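J.:
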């Protein structure tokens, strides 16, 4: 379950009072392991997700950041010029030792009883923070760079893609068994713009773009995350999640990932039909259903599973667990999931399960 560790849990809230800095909680090995294991001990999900943040690797490439309680992530010197892109450094994985140490400890702790998942941000999504200097509702700076400074933006995205590829391999070598790529803000782009400015840095086969070769050596051009990971870690499933991806599904199919996460605004049956049978899906219960009466939540879980069909579906939320979500509801979600029996759930419903639900 996305964001299964965190603010909704009383145990996490108590720990956060003792360690009020989010950077400390997400960059201290002992705290990472403890927070990661909290939902596993409480609910016994079949996936254990590393407690971290998509911005965690930024200091390791030369982009320091802070986290403000009121503003969220803050980058004091946004990267918007050729000189600033040149100043970025190859990712220093030694600076991320706490990630590797945590994954190794977690892998031993769960001892094969669950799958250990790592995650990263997609180049475009990471770039939105690096260019905008933090959170934004408009993305005007980075969107305008697509037209006013395209070579600078391509150089930044290529550098991020290389760093993220290294970071994924580091997570896998440290014990992660599956990686989710979050292009959280890719859905803020028109589909044809996402196709040009985000997809090439994710997809499996990327044509090098030599127009920005004055920024970086040709050997660093247009790094493709998926193609490299599939070459070096072919056994590791890759999940791609884009918030607001209803207009992008067909364009996401050939990125080379194994699973596409659907947010809750996409009808599951319609999403399956649009994606076809060649790729698995994840999702997509609306996190708000966890605030509903438990029988309503049960019905929604059944509806989503039946709409997804009997094969190639990872049941999950369509977004992360919301703050103040009742822990009882999270426990119920996992209890219902464990109780599902496909032979009875799909009995007599094969013909209708792939029809959109009104």
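Numbering (UniProt numbering), first residue to last: 1 to 358. Glycine included, C-beta positions come from ideal geometry on N, C-alpha and C. What you are looking at is a predicted structure, and each value in this text was computed from that prediction instead of being measured.
(1) Under the DSSP definition of a beta bridge, which residues are partnered with residue 314?
(2) Roughly how many angstroms separate the alpha carbons of residue 121 and residue 260, rounded to a whole number?
(3) Give me the Cα-Cα distance between residue 209 and residue 162, rounded to the nearest whole angstrom.
(4) For residue 77 versus residue 53, is the C-beta spacing smaller than 8 Å?
(5) According to DSSP, is residue 233 part of a helix, a strand, or is it coil?
(6) Look up residue 208 in the DSSP assignment and say whether it is helix, strand or coil.
(7) Here's a check: name, in chain order, each residue in its chain whose Cβ is nearer than 6 Å to the Cβ of residue 342, leaving out the five neighbours to either side.
(8) Leaving aside the five residues before and after residue 135 along the sequence, list all residues of the same chain whose C-beta is less than 8 Å from its C-beta, in chain order.
(9) What residue from 111, 294, 64 and 116 has the CA that sits closest to residue 95's CA?
(10) Any contact of the stretch 132–149 with the stretch 92–107, i.e. 3+ C-beta pairs under 8 Å?
(11) What does the Cβ neighbour count give for residue 81, buried or exposed, with the cut at 16 atoms within 10 Å?
(12) Note down the Cα distance separating residue 248 from residue 190, rounded to an integer number of angstroms.
(13) Given a threshold of 16 other Cβ atoms within 10 Å of its Cβ, counted over all protein chains shown, does residue 93 qualify as buried or as exposed?
(14) Got a sec, what are the start and stop residues for the alpha helix (DSSP H) residue 298 sits in?
(15) Using CA atoms only, rank isn't needed, just tell me which of 315, 270, 313 and 331 is closest to residue 290.
(16) Measure the beta-carbon distance from residue 125 to residue 184 and round it to whole angstroms, keeping in mind my assumption that it falls under 8 Å.
(17) If contact is defined by three or more beta carbon pairs under 8 Å, each pair taking one atom from either stretch, is the stretch 4–18 in contact with the stretch 36–46?
(18) Who does residue 119 pair with in a DSSP beta bridge?
(19) Let's test the definition: count the other Cβ atoms within 10 Å of the Cβ of residue 277 and tell me whether it reaches 16, buried, or not, exposed.
(20) What does the alpha-carbon distance come out to for the pair residue 218 and residue 87?
T.: In terms of the structure at hand:
(1) 282
(2) 15 Å
(3) Low per-residue confidence applies at residue 209: pLDDT is 41, beneath 50, and the placement is therefore not dependable, though the value from the model is reported in the following sentence. Roughly 14 Å between the two C-alpha positions.
(4) no
(5) coil
(6) Reliability of the predicted coordinates at residue 208 is poor, the pLDDT of 36 falling under 50, and the value obtained from them is presented with this limitation in mind. Looking at residue 208 - three-state DSSP - the assignment turns out to be coil, as it is neither helix nor strand.
(7) 310
(8) 71, 72, 73 and 129
(9) 64
(10) no
(11) exposed
(12) 9 Å
(13) buried
(14) 294–308
(15) 331
(16) 5 Å
(17) yes
(18) 180
(19) exposed
(20) Note that residue 218 scores a pLDDT of 35, beneath 50, so its modelled location is shaky; the value from the coordinates is reported in the next line. Using only the alpha carbons, I get a separation of about 17 Å.
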